[in-house]
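Residue numbers (our numbering): 77 to 307.
We treat Cβ as the ideally placed atom computed from N, Cα and C, and that holds for glycine.
Read through the structure below, which is laid out as structure tokens, and then see the notes.
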């Protein structure tokens, strides 16, 4: 007579001895999500998945903002790089009737420009621009402009809430008071933004001296303001 074959599943203890502790399915899902989040938070940049945001670099701020010429210099560098690398740029102007328009040093003729009264750059017009099919793959945003603790901060938080990875250029962002700028950077870093520099971003975008645009990007990096912004 053939012995009966038990169809009883192995006990948790026997599985643990062979394969280690058994984890509930939800634990595996949680772990997978944590690993995915770590991958997404490396801060890597590619021209095809990046966009630039130039925030309120306007004439009325010229005499009021800490090291304003350095902000303009970085903005000019990034706008030139955007044209070379085919990276789309949105430019905003905060209440230009009172604060005037973007400074003449910056060529924004090829940028998407919006006038606003919201402090954040993420106005309905800019949100529609971000959701355009051609821009949907671009989930990394590089922001520079004014002021660190108001418009730049609120824009960054809005973008983080929408799932963007945000890179804030410390050499291209300022405020009237140094203390406001310093505290804004601390808040933004705590919220999940990357604090970086224009040179770091541009080198990350091209990654090699063999890149076809290395020479024009390298030329841009040789142009430095007399008094750069400190960090």
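Proximal residues to residue i (C-beta, below 8 Å), its chain only, five neighbours per side dropped
i, result
"residue 303", "143, 145, 146"
"residue 124", "213, 214"
"residue 141", "147, 222, 223, 250, 251, 252"
"residue 108", "Confidence at residue 108 is low in this model, with a pLDDT of 45, below 50, so its placement is unreliable and the value that follows should be read with caution. So the list is empty, once near-sequence residues are dropped."
"residue 136", "174, 175, 176"
"residue 239", "215"
"residue 267", "232, 233, 236"
"residue 70", "A question about residue 70 goes unanswered here, because the residues of the chain that appear run from 77 up to 307."
"residue 126", "163, 214, 216, 217, 218, 281"
DSSP three-state assignment for residue i, whether helix, strand or coil
i, result
"residue 231", "helix"
"residue 170", "strand"
"residue 302", "coil"
"residue 184", "coil"
"residue 288", "coil"
"residue 190", "strand"
"residue 178", "strand"
"residue 204", "helix"
"residue 259", "helix"
"residue 137", "helix"
"residue 143", "coil"
"residue 213", "coil"
"residue 159", "helix"
"residue 238", "coil"
"residue 199", "coil"
"residue 122", "coil"
Same chain, Cβ closer than 6 Å to residue i, neighbours up to 5 away in sequence not counted
i, result
"residue 138", "144"
"residue 226", "195"
"residue 257", "224, 250, 251"
Option nearest residue i by Cα separation, candidates the options
i, options, result
"residue 133", "292, 254, 189, 307", "189"
"residue 275", "306, 136, 119, 294", "294"
"residue 122", "168, 199, 217", "217"
"residue 178", "131, 285, 165", "131"
"residue 228", "201, 205, 167, 207", "167"
"residue 157", "306, 265, 298, 238", "298"
"residue 306", "127, 261, 118", "261"
"residue 206", "171, 165, 244, 300", "165"
"residue 169", "198, 162, 163", "198"
"residue 277", "254, 192, 191, 244", "244"
"residue 162", "117, 211, 204", "211"
"residue 118", "242, 255, 300, 254", "242"
7 Å Cβ shell around residue i - same chain, five flanking residues per side excluded
i, result
"residue 230", "195, 196"
"residue 160", "289, 292, 293"
Cross-strand partners of residue i (DSSP beta bridge)
i, result
"residue 221", "131, 249"
"residue 243", "218, 270"
"residue 165", "128"
The segment 212-225 touching the segment 181-188, judged by at least three CB pairs closer than 8 Å: Touching, no.
Evaluate contact between the segment 150-157 and the segment 232-252, counting only Cβ atoms and requiring at least three cross-stretch pairs below 8 Å. Taking 8 Å as the limit for Cβ pairs, the verdict is that the segment 232-252 does touch the segment 150-157.
Touch test, the segment 289-307 against the segment 273-281, Cβ-Cβ under 8 Å, three pairs minimum: Segments in contact, yes.
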